[in-house]
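*Asks:* The opening position of the sequence shown corresponds to residue 555 in the working numbering, with each subsequent residue numbered one higher.
Positions of the beta carbon are idealized from the N, C-alpha and C atoms, including for glycine.
Model, not experiment: these values are computed from the prediction.
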Amino acid sequence: MRLALCLLLLVALPACDSVSDAVDNAACQATGYADGGTVRATVGSDRFSGTCIRVDTEQGTLTIVGADNVVSQNNQEVITLVLPSSEARTYTLGSDAATAVYAARTEDPNDQDDETYAAVSGTLTVESASATAARGTFAFTGRTVGGTEVTVSGGRFDVTF
Numbered sequence: 555m556r557l558a559l560c561l562l563l564l565v566a567l568p569a570c571d572s573v574s575d576a577v578d579n580a581a582c583q584a585t586g587y588a589d590g591g592t593v594r595a596t597v598g599s600d601r602f603s604g605t606c607i608r609v610d611t612e613q614g615t616l617t618i619v620g621a622d623n624v625v626s627q628n629n630q631e632v633i634t635l636v637l638p639s640s641e642a643r644t645y646t647l648g649s650d651a652a653t654a655v656y657a658a659r660t661e662d663p664n665d666q667d668d669e670t671y672a673a674v675s676g677t678l679t680v681e682s683a684s685a686t687a688a689r690g691t692f693a694f695t696g697r698t699v700g701g702t703e704v705t706v707s708g709g710r711f712d713v714t715f
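The structure is reproduced here in structure tokens:
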């Protein structure tokens, strides 16, 4: 009996995950996050995993947006990376043309100022890029308009578009 129950769970649980993933992917695509891949990092002491991805490659720039949740605007974290080109190289955040931002919307969605942390220092490295994919690493210290800081470390992006 136990063996039958274990086998049933072994077969049923992955199906639940794939249904959940399909719903999540549909929500991402319905809100304009239709590209593939991930943006992951540690923000403060918390793990961030952006699986709703949007990539723009207009006028030679490369913009990567990773959101952890596109369904609830009141409970959402987003990391945005903006590069002046898609060439493989390391950018110094705060002094090069590249920028990085971490935004957390967890309380009042109308009060964005103290929840948006723009990079004041750090690095953003494009390890490889093509017409359809990009991957690399990032780490930065972000600061709000009010002066509050957050450390974003161990960042990695691996996206397709």
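Here's a check: name, in chain order, each residue in its chain whose Cβ is nearer than 7 angstroms to the Cβ of ARG601, leaving out the five neighbours to either side.
*Replies:* Position 47 of the sequence shown, counted from the first residue, corresponds to residue 601. Closer than 7 angstroms at the Cβ level, and outside the excluded window around ARG601, lies no residue.
*Asks:* Closest by CA to LEU647, which one among ILE607, VAL699, THR679?
*Replies:* Taking the sequence shown and counting its residues from 1, one reaches residue 647 at position 93. Of the listed residues, the one whose Cα sits closest to LEU647 is THR679.
*Asks:* For GLY709, which three-state DSSP category applies?
*Replies:* For the purposes of this step, residue 709 is taken as the residue at position 155 of the sequence shown. Correct three-state label for GLY709: strand.
*Asks:* Apart from the five residues on each side of it in sequence, which residues of its chain come closer than 7 angstroms, Cβ to Cβ, to GLY614?
*Replies:* The residue labelled residue 614 in the question sits at position 60 within the sequence shown. If we look at GLY614 and ignore the five residues flanking it on each side, its Cβ neighbours are SER639.
*Asks:* Thinking C-alpha only, which one of THR698, GLN630, LEU637 is nearest THR611?
*Replies:* Within the sequence shown, numbered from 1, the residue matching residue 611 stands at position 57. Of THR698, GLN630, LEU637, the residue nearest in Cα terms is LEU637.
*Asks:* Scan the stretch 617-705 and note each continuous beta strand (DSSP E) run of 3 residues or more that stays entirely inside, going in chain order.
*Replies:* 630-637, 643-647, 653-659, 670-683, 687-697
*Asks:* Determine the DSSP secondary structure at ALA580, reduced to helix, strand or coil.
*Replies:* Locating residue 580 in the sequence shown gives position 26, counting from the first residue. Here ALA580 sits in helix by DSSP.
*Asks:* To the nearest angstrom, how far is the alpha carbon of ALA685 from that of CYS606?
*Replies:* On the sequence shown, position 131 is the one that residue 685 refers to. On the sequence shown, position 52 is the one that residue 606 refers to. Their backbone Cα atoms lie some 20 angstroms apart in a straight line.
*Asks:* To the nearest whole angstrom, what separates the beta carbons of GLY586 and ARG608, a pair I think is in contact under 8 angstroms?
*Replies:* Counting from one through the sequence shown, the residue named residue 586 turns up at place 32. Counting from one through the sequence shown, the residue named residue 608 turns up at place 54. About 6 angstroms; that satisfies the 8 angstroms criterion.
*Asks:* Suppose the cutoff is 7 angstroms on Cβ atoms and the five residues either side in sequence are ignored; what does the same chain contact list for ASP589 look like?
*Replies:* Walking along the sequence shown from the start, residue 589 turns up at place 35. Excluding positions up to five away in sequence, the list reads ILE607, ARG608, VAL609, VAL713, THR714, PHE715.
*Asks:* Do you know offhand how far ARG689's Cα is from GLY701's?
*Replies:* As a working mapping, residue 689 is identified with position 135 in the sequence shown. As a working mapping, residue 701 is identified with position 147 in the sequence shown. Cα to Cα, the separation comes out at about 31 angstroms.
*Asks:* Under the three-state reduction of DSSP, which class applies to GLY614: helix, strand or coil?
*Replies:* Against the sequence shown, residue 614 aligns to sequence position 60. In this structure, GLY614 counts as helix in the three-state DSSP scheme.
*Asks:* CB THR698 to CB THR653, shorter than 8 angstroms?
*Replies:* If you number the sequence shown from 1, residue 698 lands on position 144. If you number the sequence shown from 1, residue 653 lands on position 99. Their beta carbons are not under 8 angstroms apart, which means THR698 does not touch THR653 by this criterion.
*Asks:* Considering only DSSP beta bridges, list what SER603 is partnered with.
*Replies:* Sequence index remark: in the sequence shown, residue 603 carries index 49 (1-based). Looking at the DSSP assignment, SER603 forms a beta bridge with ARG594.
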